[in-house]
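So the sequence shown is numbered by my numbering: it starts at 1352 and just counts up by one.
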Amino acid sequence: MNLSRTAIAAGVAASSVLLLAGPAAAHVSVQPQGEAAKGGYATLNFKVPNERDQASTVKLEVNFPAEHPLSSVTPEAVPGWKIQITKGKLDKPLEVHGRKITEAVTKVTWTADGSKIAPGYFQQFPVSVGQLPEDADQLVFKAIQTYDNKEVVRWIEEPKAGGEEPDSPAPVLALSAATDDHHGGGAADEAGDDHAADDKAASAEGDTKETHAASSSSSDTTARTLGIIGILVGIAGVAFGVLAGRRRTA
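Following this line, the structure appears as structure tokens:
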């Protein structure tokens, strides 16, 4: 009997841990499509899960790191959501591709416009960014999530030194080592490589066809020339024979 009570108590405790751990594990996060290399460009997906059973998410605000301003921030259109981009002046201008950038995006806000993130669902909000800093290993994007019942959840706590996750962690983007082309990695680069390979193959095939055509044309010209020469030689031989016959008759 005591063993049964102990087992039941342990099961209830374990279930409670799982129930409590579930909501804490689901929070606004950021992941790159492919790699996010230092000094390069990347497309980031901000993933927003709905943690409430009786409310839907209707707004997301993502604040971009002021200590590492990004010269280019371009959000992708998301059906059913309005996008607002907020910019601010830079204390120290950035120099990108030979030109100075005096302001940068400080915040991007998505507001529901015919769509919501319902309970049990999540939504991704893609953003193309660059150039990523070369002197940082990660970027922290503080996010604010708003529900249609007016509840506001602030995902703004930065990672702790010991690696322990805070209660309301901010989305953190890990940066990989710099690449030579400074354009990051991922499907886009692979597609570009595939297109380049196809172009080279097509070019090589075209060169081969042109070579064959030139060779065929040259062969035809040679054959025609030899044919004409043969005809002329034949005519000359007939004429010589006629002349020789006349001389003998005379």
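No residue lacks a Cβ here, since even glycine has one placed at the ideal position from N, Cα and C. Remember, predicted model here, so these are calculated numbers, not experimental data.
Go to Glu1502, then tell me how far its beta strand (DSSP E) extends in each direction, as first and last residue. Run containing Glu1502: none; DSSP gives neither H nor E here.
Apart from the five residues on each side of it in sequence, which residues of its chain come closer than 6 Å, Cβ to Cβ, to Asn1414? Lys1458, Lys1493
Taking Ile1436 as part of the beta strand (DSSP E), name the residues at either end of that continuous run. 1432-1447
In the DSSP assignment, find the unbroken beta strand (DSSP E) run with Ala1455 in it and report its ends. 1450-1463
Under three-state DSSP, which class holds Phe1492? coil
With C-beta atoms as the reference, is Glu1384 less than 9 Å away from Pro1444? Per the sequence shown, the amino acid found at residue 1384 is Gln instead of Glu. Result no, Cβ atoms of Gln1384 and Pro1444 do not sit closer than 9 Å.
Assigned exposure category for Ala1547 - 16 Cβ within 10 Å defines buried: Confidence at Ala1547 is low in this model, with a pLDDT of 42, below 50, so the placement of that residue should be treated as unreliable; the coordinate-derived value is given next. The residue is exposed, with fewer than 16 neighbouring Cβ atoms inside 10 Å.
Rounded to whole angstroms, what is the Cα-Cα separation between Ala1487 and Ile1468? 33 Å
Taking 9 Å as the threshold (C-beta atoms), are Lys1389 and Ala1529 in contact? yes
Report the three-state DSSP secondary structure of Ser1422 (helix, strand or coil). coil
Could you say if the segment 1434-1441 and the segment 1389-1398 meet the contact criterion of at least three C-beta pairs nearer than 8 Å? no
Given a threshold of 16 other Cβ atoms within 10 Å of its Cβ, counted over all protein chains shown, does Gln1474 qualify as buried or as exposed? buried
By alpha-carbon positions, which one of Tyr1472, Val1491, Leu1490 ends up nearest to Pro1403? According to the sequence provided, residue 1403 is Arg. The question's Pro does not apply to it. With distances taken between Cα atoms, Arg1403 lies closest to Tyr1472.
Would you identify the three-state DSSP class for Asn1401, choosing helix, strand or coil? coil
Could you give the residue range of the beta strand (DSSP E) that holds Glu1412? 1408-1414
Please classify Glu1412 as buried or exposed, where buried requires at least 16 neighbouring CB atoms within 10 angstroms. buried
For the candidate residues Glu1446, Asp1464, Val1480, whose alpha-carbon lies nearest to that of Ala1387? Val1480
Nearest to Val1447 by CA position, among Pro1484, Gln1405, Asp1531, Asn1401, is which residue? Pro1484
How should Thr1453 be labelled, buried or exposed, when 16 other C-beta atoms within 10 angstroms of its C-beta is the threshold for buried? exposed
What is the residue span of the beta strand (DSSP E) that Gln1475 lies within? 1473-1481
Report the rounded CA-to-CA distance for Thr1408 versus Gly1513, giving the unit in angstroms. 32 Å
Which word fits Asn1401, buried or exposed, when buried means at least 16 other C-beta atoms lie within 10 angstroms of its C-beta? buried
Thinking just about the alpha-carbon of each residue, which of Arg1450, Pro1470, Gln1482 is nearest to the one in Asp1499? Pro1470
Nearest to Leu1524 by alpha carbon, out of Lys1433, Pro1510, Ser1422, Val1503? Pro1510
Three-way DSSP call (helix, strand, coil) for Ser1380 in this model: strand
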